[in-house]
Amino acid sequence: MSKDKIKLSKDGGPIVFLGSMNAMPMMYAMELKKMGYPVLYFVDGAQKDILNRPENHFSDITYPYPSWIKELKVPSQMLIPFLRLFFSLIITHKISRNSQKKPQVYILNGFFITLSPLLKKTNNKVISLSHGSDLDSWGDNSALNKLSTTFVNFSLFKFLPKSVSKKLIELVINRQYLGLNKSDKVIYFPKFFNEAGDRVINKLKENNVKCYERYDVSFEPLKNEDRSYKASNEKLCIFSGVRFLYESFSEGNELYSKGNDIMIRGLSLFFQQNKNIEVHFVEKGPDVDKAKLLCDELGLSPVIIWHKEMKFLDLLKLYNRSDICFDQVGKHWVGAIGGYALWLGKPLIANIERPIKSGVWPTNNPILNATNDVDILNSLIKLNNNEFRQQKSMESKEFAENYFSSYKLINDIFKFSD
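Be aware that the sequence shown starts at 44, since it is given in the numbering used here, and climbs by one per residue.
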């Protein structure tokens, strides 16, 4: 309903973005910027942080940044829940140096969400924009959350006695949930994507927090890419940019499994039938070494080409040369990795049960659903046919354009005025 929307004015103060996991919030910032609204976007990742800095994802953003993007030096976001007053004062000071007008709204991501109660004290509007684990792991204060025991060996907590770490992690969880609960609006993934996430969202709704679903991808980084279909060259080229996470769940949420082991087993079955393939993987995630051992055990290593983690603009070269792409085939959901493949017209193999169950995608869609190694084998056999692959390419591009737009969410949340 329009009365629930946050009113934005082109002559008002800045729309402030804090937290930049995977540079995901930038897609909303750029959309609002294109519409003519004042945006102030803070980047907290260090320059060596390939994943989270926007210049590594968006070709139109260069470093040094334009005036509407500012750097905010934060050694680790994990410090924010413990130093909320300090960071809120630093941030408000930086904002005042860039604008004499009060922010129209704060859009928080990651542990910046813990600042919500402090920012609300001056009657600011606050939106918590979740990337996933900042809500379903760090925002879950129920007894079912295992995080206080699984995360004691990571980040700054590994330097402390486990009993102390456990208490501190519980403190972070409680402050993260409080930040969500004090927000005017919370944005998370659709229902049935993650049981812990559903639990948190249901609790927030009981407390009258307005919650919205997001399942979108910005194709702005791809706008200059060639989307035309190309028949395979000598070898069938297969690419997965999925991070390796299938055994090591530091944040205690096994629903984040990417199923890389399933993917490798399925590829090895296909390799037994077709030796004329090459497979490209990216060395990212906690289970890379385990995956390499599994490739050795299954005899798949001769056709695997491993790449160091790279800027997204370099990752596009792997998309462009590939004939077939993978997103996760585990318990997680299709994300930007798969969304980019679809938009580029690359046939995609992935586990798509969650978006279908939630109703955000139709059952009839171009993605080849796979939840086990035999599914993967059968999908690859089908995609080995050039005509079938070309048909899927055309359908994939149309599907991406119809089901990944970020504008609907923006329109649901904001009321626009001049």
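Ideal Cβ placement from N, Cα and C applies to all residues, glycine included. Remember, predicted model here, so these are calculated numbers, not experimental data.
Open item on the list: Can you tell me whether Ser136 is helix, strand or coil according to DSSP?
Closed with: As a first step, residue 136 is located in the sequence shown; it is residue number 93 there, counting from the start. Per the sequence shown, the amino acid found at residue 136 is His instead of Ser. DSSP places His136 in helix when its eight states are reduced to three.
- [ ] For Ala334, count neighbouring Cβ atoms within 10 angstroms of its own Cβ and tell me buried if that reaches 16, exposed if not.
- [x] For the purposes of this step, residue 334 is taken as residue 291 along the sequence shown, with counting starting at 1. Buried, by the Cβ-count rule.
Open item on the list: For Lys234 and Glu277, what's the separation of their Cα atoms in angstroms?
Closed with: As a position in the sequence shown, residue 234 is number 191, starting the count at 1. As a position in the sequence shown, residue 277 is number 234, starting the count at 1. Lys234 and Glu277: Cα-Cα distance of roughly 43 Å.
- [ ] Specify whether the region 192-212 and the region 223-237 touch according to this definition: at least 3 beta carbon pairs, one from each stretch, less than 8 Å apart.
- [x] No, the region 192-212 is not in contact with the region 223-237.
- [ ] Using alpha carbons as the reference points, say which of Phe447, Leu426, Leu356, Lys425 lies closest to Pro398.
- [x] On the sequence shown, position 355 is the one that residue 398 refers to. Of the listed residues, the one whose Cα sits closest to Pro398 is Phe447.
TODO: With DSSP collapsed to three states, give me the class of Leu162.
DONE: Within the sequence shown, residue 162 is the residue found at index 119, counting from 1. Helix at Leu162.
Open item on the list: DSSP three-state label for Ser206, please.
Closed with: What you label residue 206 is simply residue 163 of the sequence shown in a count that begins at 1. Correct three-state label for Ser206: helix.
Task: Assumed close pair Ile93, Lys354 - CB separation to whole angstroms, cut-off 8 Å - done: In the sequence shown, residue 93 corresponds to position 50, counting from 1. In the sequence shown, residue 354 corresponds to position 311, counting from 1. Ile93 to Lys354, Cβ: 6 Å. Contact.
Open item on the list: On the CB-based measure, 16 or more other CB atoms within 10 Å of its CB, does Leu426 come out buried or exposed?
Closed with: For the purposes of this step, residue 426 is taken as residue 383 along the sequence shown, with counting starting at 1. So Leu426 counts as buried.
Open item on the list: Taking 7 Å as the threshold (C-beta atoms), are Val243 and Gly182 in contact?
Closed with: Here residue 182 refers to the residue found at position 139 of the sequence shown. Here residue 243 refers to the residue found at position 200 of the sequence shown. Cβ atoms of Gly182 and Val243: closer than 7 Å.
Open item on the list: Please report the straight-line C-alpha distance between Ala274 and Asp370, rounded to a whole angstrom.
Closed with: Position 231 of the sequence shown, counting from 1, holds the residue named residue 274. Position 327 of the sequence shown, counting from 1, holds the residue named residue 370. Rounded to whole angstroms, Ala274 to Asp370 spans 21 Å at the Cα level.
TODO: Please classify Glu326: does DSSP put it in a helix, a strand, or coil?
DONE: Locating residue 326 in the sequence shown gives position 283, where the first residue counts as 1. Strand at Glu326.
- [ ] Would you be able to state if there are at least three C-beta pairs under 8 Å between the region 410-421 and the region 386-395?
- [x] yes
- [ ] Assign Gln219 to one of two classes, buried (16 or more other C-beta atoms within 10 Å of its C-beta) or exposed (fewer than that).
- [x] For this step, residue 219 is matched to residue 176 along the sequence shown. Buried is the call here.
Open item on the list: Any contact between the region 250-267 and the region 338-350? By contact I mean 3 or more CB pairs, one from each, below 8 Å.
Closed with: no
Task: DSSP three-state assignment for Glu294, whether helix, strand or coil - done: By one-based count along the sequence shown, residue 294 stands at place 251. Of the three classes helix, strand and coil, the one that applies to Glu294 here is coil, per DSSP.
Open item on the list: Below 8 Å on the Cβ atoms is my contact criterion, and I expect Leu51 with Phe324 to pass it. Report the Cβ-Cβ distance as a whole number of Å.
Closed with: Position 8 of the sequence shown, counted from the first residue, corresponds to residue 51. Position 281 of the sequence shown, counted from the first residue, corresponds to residue 324. Wrong, their Cβ atoms sit about 42 Å apart, outside the cutoff.
Task: CB of Tyr80 within 7 Å of CB of Ile112, strictly - done: Along the sequence shown, read from residue 1 onward, the residue named residue 80 stands at position 37. Along the sequence shown, read from residue 1 onward, the residue named residue 112 stands at position 69. Contact: no.
TODO: Measure the CB-CB distance between Val85 and Leu61 and report whether it falls below 7 Å.
DONE: Numbered from its first residue, the sequence shown carries residue 85 at position 42. Numbered from its first residue, the sequence shown carries residue 61 at position 18. Residue 85 is actually Phe in this sequence, not Val. In contact: Phe85 and Leu61 (Cβ atoms closer than 7 Å).
Open item on the list: Can you tell me whether Gln120 is buried or exposed? The criterion is at least 16 other CB atoms within 10 Å of its CB, across all chains shown.
Closed with: As a position in the sequence shown, residue 120 is number 77, starting the count at 1. So Gln120 ends up on the buried side.
Task: Local conformation of Ser344 per DSSP, three classes - done: Along the sequence shown, read from residue 1 onward, the residue named residue 344 stands at position 301. Taken through DSSP and simplified to helix, strand or coil, Ser344 comes out as helix.
Open item on the list: For Asp366 and Ser171, I'd like the C-alpha separation in whole angstroms.
Closed with: For the purposes of this step, residue 366 is identified with residue 323 of the sequence shown, where counting begins at 1. For the purposes of this step, residue 171 is identified with residue 128 of the sequence shown, where counting begins at 1. So the two alpha carbons sit approximately 38 Å from each other.
Open item on the list: By alpha-carbon positions, which one of Tyr383, Gly381, Trp376, Glu326 ends up nearest to Glu396?
Closed with: Within the sequence shown, residue 396 is the residue found at index 353, counting from 1. In terms of CA proximity to Glu396, Trp376 leads the group Tyr383, Gly381, Trp376, Glu326.
Open item on the list: Counting beta carbon pairs with one atom in the region 316-330 and one in the region 253-272, are three or more of them shorter than 8 Å?
Closed with: No, the region 253-272 is not in contact with the region 316-330.
- [ ] List the endpoints of the continuous beta strand (DSSP E) containing Ile230.
- [x] Here the question's residue 230 lines up with position 187 in the sequence shown. DSSP places Ile230 in the uninterrupted beta strand (DSSP E) bounded by 228-231.
TODO: Look at Gly240 and Leu288 and say whether their C-beta atoms are less than 7 Å apart.
DONE: Taking the sequence shown and counting its residues from 1, the one referred to as residue 240 is at position 197. Taking the sequence shown and counting its residues from 1, the one referred to as residue 288 is at position 245. It is not a contact, given that the beta carbons lie outside the stated cut-off.
TODO: Would you list the residues sitting across from Lys253 in a DSSP beta bridge?
DONE: In the sequence shown, the residue the question calls residue 253 occupies position 210. Its beta-bridge partners are Lys228.
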